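Under our numbering, think of the first position of the sequence shown as 1, with each following residue one higher. Glycine residues also receive a C-beta, built at the ideal position from the N, C-alpha and C atoms. Being a predicted model, the structure only gives us computed values, none of them experimental.
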Amino acid sequence: MTTRAGDDPDRTELLATRGPAPDSGGGDVLQPGARLGRYRIEALLGRGGMGDVYRAQQLEPVRRTVALKLLRRQRLEARHLAYFEVERQLLAQMRHPAIAQVFDADTTADGHPFFAMEFIAGSPLTRFCEEHGLSLRQRIELMIRICEGVQHAHQKGVVHRDLKPGNLLVDEVDGRALPKIIDFGIATASSMAGGREVAGTPDYMSPEQAGGDQSLVDTRSDVYSLGVVLYEVLTGQRPELAGETQVASTRTLRLPSEQLATLPPGDAERVARGQGLRAVQMRRVLRHELDWVVARAMRHDRGDRYPSAGALADDLQRFLDGRPLAAVPATRRYAWGKFVRRHRVGLAAASVALVALLGGLAMSLYGLQQARAQRAIAEQRSAELEKVAAFQQSMLEGIDIEAMGIGMAEGLRAQATKATPEARAAVEATLAHASTADIARSLIDHNLLAGAEQAIASDFGNEPLLANDLRESVARVRDALGLPDAAADGYRQVADDREAALGAGATPTLRARSEQASALLAAAQPAQAKQVLEQALAHAGALPPDEPLRIRLQLDHALAVAALGDRKAARQALESLLERSLAARGERDPAVMDIENNLAILLGRMGEPELGRDYLERMVPIRREVLGDDDPKTLDSLHNLAVMRVMTGDREGALAMQRQLVQTQTRRLGAEHPQTLSERGNLASFLIDNRQPEQALPISRSVVEASTRVLGADDPRTLRAKLNLSTLYARLEQFDKTLEMQDEVIEARTRVLGPRHPDTLYILVNHAGTLMQAGRSRESLALLETVLPEAREVLGDRHPQAQAALDIRAQAADDVGDTALAIASHRALLGIRESLLGARDAKTVEIAWQLEAELAAAGHGKEAARLRARYVTPLLETPEAELDERQKEFVANLRNVEAEESGKATAQR
1 MTTRAGDDPD RTELLATRGP APDSGGGDVL QPGARLGRYR IEALLGRGGM GDVYRAQQLE
61 PVRRTVALKL LRRQRLEARH LAYFEVERQL LAQMRHPAIA QVFDADTTAD GHPFFAMEFI
121 AGSPLTRFCE EHGLSLRQRI ELMIRICEGV QHAHQKGVVH RDLKPGNLLV DEVDGRALPK
181 IIDFGIATAS SMAGGREVAG TPDYMSPEQA GGDQSLVDTR SDVYSLGVVL YEVLTGQRPE
241 LAGETQVAST RTLRLPSEQL ATLPPGDAER VARGQGLRAV QMRRVLRHEL DWVVARAMRH
301 DRGDRYPSAG ALADDLQRFL DGRPLAAVPA TRRYAWGKFV RRHRVGLAAA SVALVALLGG
361 LAMSLYGLQQ ARAQRAIAEQ RSAELEKVAA FQQSMLEGID IEAMGIGMAE GLRAQATKAT
421 PEARAAVEAT LAHASTADIA RSLIDHNLLA GAEQAIASDF GNEPLLANDL RESVARVRDA
481 LGLPDAAADG YRQVADDREA ALGAGATPTL RARSEQASAL LAAAQPAQAK QVLEQALAHA
541 GALPPDEPLR IRLQLDHALA VAALGDRKAA RQALESLLER SLAARGERDP AVMDIENNLA
601 ILLGRMGEPE LGRDYLERMV PIRREVLGDD DPKTLDSLHN LAVMRVMTGD REGALAMQRQ
661 LVQTQTRRLG AEHPQTLSER GNLASFLIDN RQPEQALPIS RSVVEASTRV LGADDPRTLR
721 AKLNLSTLYA RLEQFDKTLE MQDEVIEART RVLGPRHPDT LYILVNHAGT LMQAGRSRES
781 LALLETVLPE AREVLGDRHP QAQAALDIRA QAADDVGDTA LAIASHRALL GIRESLLGAR
841 DAKTVEIAWQ LEAELAAAGH GKEAARLRAR YVTPLLETPE AELDERQKEF VANLRNVEAE
901 ESGKATAQR
């Protein structure tokens with residue numbers, strides 16, 4: 001609710017076509033000082049078809065200023081009471097930062113209902129933009145937040161029907177513009193009236209809403225209104241005629257760029273200058289892209305508009321990010337132009353050599369340092385200083401490692417073309433074995449970011465908020481570069497400064513704590529991350545339950561719990577969080593997809609890869625559609641899906657997906673970025689599973705060497721790389737190397753994680769298996785005496801590694817002649833497999849077959865025969881067409897082995 005009466009010159013119309021019209025001007029006005037329950041009236045803010053709105057002071061249990069909406073007293077129909085109740089219920093169920101919050105509802109002593117809601121001491125959207133001189137980017141950022149709020153309402157089943165600047169108020173909090181959507185009073189009025197009323201403001205109505213058939217009004221009608229608002233925000237004017245639109249090939253809508261061109265030169269220049277541009281620049285920006293956005297939002301046929309307010313927000317965000325827009329026809333020229341503008345730093349560097357690239361980085365740092373000179377003369381020019389700082393911040397955040405690496409390589413090639421053929425060949429040979437993205441990463445960290453931090457400390461000492469924002473940009477760049485330790489330290493400093501200035505529960509503080517915790521998790525410091533997250537969550541109570549920031553904090557807390565070994569508790573937390581978030585935000589919401597992604601990989605680690613794969617197979621296509629194929633989160637989900645596929649037997653499909661991931665991440669991040677190393681390590685593992693150990697060996701060795709050097713010997717990712725290499729040595733029957741490397745991993749994991757951590761138990765079981773393969777079965781059994789009970793207790797019998805421990809014990813016992821222990825181990829494993837997989841699964845039948853042989857050798861022929869009849873014979877007698885691939889492979893192997901055994905027996909006779 002606004003601070004002024006009459007802020008909205010375009011009053012909402014609610015025109016009944018049956019029955020008497022309500023009195024729009026009568027009724028007593030409450031005077032300042034009047035009391036309504038716990039509220040004291042201060043001033044009348046406005047009068048509308050639904051009631052009067054006052055500024056009031058809540059006196060208890062807390063004191064605060066509220067907007068109080070009271071149903072008008074005279075000549076009211078029952079339907080208006082219904083509309084009023086509808087608005088109260090609708091607002092009460094919505095929780096979004098861009099929607100005004102309902103605090104309380106009650107009735108007056110004489111029975112008139114009212115409710116108290118958040119008081120917005122702001123201005124209508126268009127007035128705020130003009131009075132504060134918002135740039136084009138800032139205006140679009142406001143529109144994005146408004147669209148997100150409208151999308152939230154739509155997800156709750158609410159169509160606003162009256163979106164206009166007067167109902168989109170903007171307030172400034174801590175220097176940041178925050179929009180609020182108000183007045184949902186007619187949101188369902190027409191539908192409740194059975195299509196008898198047209199509700200809304202004519203200049204902002206969609207054609208179907210203005211046409212009178214309210215059954216045609218849906219969420220796309222609000223999209224139309226948002227298009228009109230966007231038009232006005234961009235040009236300062238509404239479309240010339242209400243209802244203008246674009247129909248088929250005939251355009252009747254005067255597009256924003258054309259509207260700007262019709263203004264007198266002085267007026268056009270004033271509009272453009274107010275958004276930080278010249279008129280010619282403004283027209284070009286509008287004509288090339290934003291015209292298309294407005295035109296699509298305002299199409300006459302609702303089926304041709306954006307399908308949702310969220311889709312409109314996504315296209316506006318694409319405009320800000322320099323990515324191709326969905327509204328603009330997808331031509332190669334357009335897509336290439338967007339790529340060039342998005343990567344202009346890297347592509348410009350392609351024409352110069354390495355020295356020129358370094359010079360460019362130095363100039364970037366030099367530009368940041370010029371803020372000192374600017375500040376010296378900026379005592380009366382604070383606005384200019386803020387623009388300089390914003391430019392430097394965007395420059396830091398816009399660093400593109402991939403483009404810089406490409407530019408460096410192309411620059412070297414350009415110089416080499418002027419040299420001898422031998423020199424050109426040497427350059428190509430060097431580039432073939434070098435990662436220019438890795439070189440660029442190191443140069444940026446040492447030559448740009450370190451200098452930037454020094455410049456921030458010296459140049460912005462008297463501007464702590466600006467300095468804080470710039471430090472956050474440096475931390476974000478380090479995070480993207482794969483330097484999580486340094487990023488975590490940077491985020492910590494940002495969060496500490498914001499906590500001191502704004503408080504521990506302020507949203508900017510909590511957002512910085514979230515970034516700090518995420519970086520700590522990436523740096524393999526889960527205990528520290530958990531501590532940070534628990535403190536942040538203790539201060540996050542004011543955030544709505546479905547607020548993305550609060551979800552992120554809870555998600556990272558569950559991941560920290562899992563990393564510390566309590567996977568069962570982490571799973572319960574993630575499943576509960578997913579259920580709540582899915583109901584509130586929908587399956588296409590980025591926060592919901594983050595939860596699903598992490599829950600899926602946790603399920604795989606807990607021995608339920610089929611369930612984990614189900615989550616990912618359903619979610620990955622949605623993430624690719626929403627975020628794009630090259631988005632880091634999409635690539636992370638593809639990584640997890642490849643793991644789940646190999647764990648569920650789809651080896652070839654997983655290998656093909658993993659090869660593509662390695663290529664993509666090497667191109668994007670460089671060969672030695674932690675994410676790329678992880679993908680290369682996975683590729684080696686997949687090659688092992690596909691019986692290609694010779695191809696896997698050089699990859700696995702290089703990953704271990706690079707991980708040790710880049711991440712450190714005790715980093716979990718380095719230990720995982722060593723574990724993969726040890727498995728490869730075992731496949732090649734180089735058991736001495738396998739055992740030596742496993743000893744290193746056991747020592748490190750026991751020291752860092754503890755002896756009962758799932759990852760420690762995992763390698764101990766592997767070690768027992770290697771000892772048995774190396775002919776040291778007694779040592780294997782001695783180790784399993786302690787490891788097997790702990791594995792079954794901590795991991796659970798469902799986990800493949802706990803089952804593997806039972807199988808290893810059976811085989812080792814058989815090697816040393818302890819038939820009773822072998823039989824007992826395989827009996828226990830058979831019971832587990834049958835309960836989990838069923839009697840016909842190949843894994844179950846394989847154990848039954850081994851147990852059959854052990855029982856027969858021990859003289860228990862009848863029991864062996866019963867076992868064969870129950871498990872083995874039914875599978876052998878099943879037609880091949882009815883067997884799955886794993887069953888076919890097992891049956892073929894079983895027949896071969898039994899044929900060989902039969903042949904040997906015949907030969908001996």
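Note: I99 is bridge-paired with I181 in the DSSP secondary-structure output.
Spatial neighbours of R305 in its own chain (CB-CB distance under 7 Å, excluding positions within 5 residues in sequence) are listed in chain order as R220, V223, Y224, R296, A297, R299. Three or more Cβ pairs closer than 8 Å define a contact, and the region 232-239 falls short of that threshold against the region 302-320.
D631: not part of any beta strand (DSSP E); DSSP gives it neither H nor E. Taking 8 Å as the cut-off, the beta carbon of E610 is found closer than this to the beta carbon of T648.
By the beta-carbon neighbour count (other beta carbons within 10 angstroms, threshold 16), K568 is exposed.
Within the model, the alpha-carbon separation for V787 versus L761 is close to 7 Å. Collapsing the DSSP output to three states places T107 in a strand.
In terms of CA proximity to A671, V704 leads the group V704, A268, D650, E863. Non-local C-beta neighbours of P693 in its own chain, meaning closer than 8 Å and more than five positions away in sequence, comprise L687, L728, R731, L732, ordered along the chain.
By the Cβ neighbour-count rule, R756 is exposed, with fewer than 16 other Cβ atoms within 10 Å of its own.
Going by beta carbons, G604 and V662 fall outside the 8 Å limit. Listed in chain order, the non-local C-beta contacts of G628 below 7 Å within the same chain comprise T634, local neighbours out to five positions each way being set aside. Straight through space, the alpha carbons of V159 and A116 are spaced by roughly 22 Å. Here A558 is not near A519, since their CB atoms are 8 Å or more apart. Contact check for L574 against L553 fails: the beta carbons are separated by 8 Å or more. Between the alpha carbons of S308 and M619 lies a gap of roughly 20 Å. For K69, the enclosing beta strand (DSSP E) stretches over residues 64-70. Within the region 120-165, the alpha helix (DSSP H) runs of at least 4 residues that lie entirely inside it are, in chain order, 125-131, 136-155. Comparing alpha-carbon positions, the option among G211, M94, L290, F128 lying closest to Q155 turns out to be M94. When secondary structure is reduced to three states using DSSP, Q237 falls in the coil class, being assigned neither helix nor strand. Burial state of V897 is exposed, judged by a 10 Å Cβ sphere holding fewer than 16 other Cβ atoms. Looking at the DSSP output, Y54 sits in a beta bridge with L44, L68.
In terms of CA proximity to A822, Q850 leads the group Q850, I832, H799, L771. Beta-bridge analysis with DSSP links V752 to no other residue. In the DSSP assignment, P693 falls within the alpha helix (DSSP H) that extends over 693-711. By the criterion of a C-beta distance shorter than 7 Å, E852 is surrounded in its chain by A864, L867, R868, V872, once the five residues flanking it on both sides are discounted.
The C-beta distance from R571 to M606 rounds to 7 Å, short enough to meet the 8 Å contact threshold.
Counting along the chain, D171 sits inside the beta strand (DSSP E) bounded by residues 168-173. Comparing alpha carbon positions, the residue from D841, E793, R720, L677 closest to S702 is L677. Around the beta-carbon of K888, fewer than 16 other beta-carbon atoms lie within 10 Å, marking it exposed.
R139 and C129 have their C-alpha atoms roughly 7 Å apart. Contact fails between the region 258-277 and the region 171-184, because fewer than three Cβ pairs, one in each stretch, are under 8 Å apart.
Cβ neighbours of A654 within its own chain (closer than 6 Å, five residues either side excluded): A642, R645, V646, F686.
Taking a contact as a CB-CB distance under 8 Å, the pair L59 and R38 counts as one, their CB atoms being some 5 Å apart.
Counted as a single uninterrupted DSSP element, the beta strand (DSSP E) harbouring P113 occupies residues 113-118.
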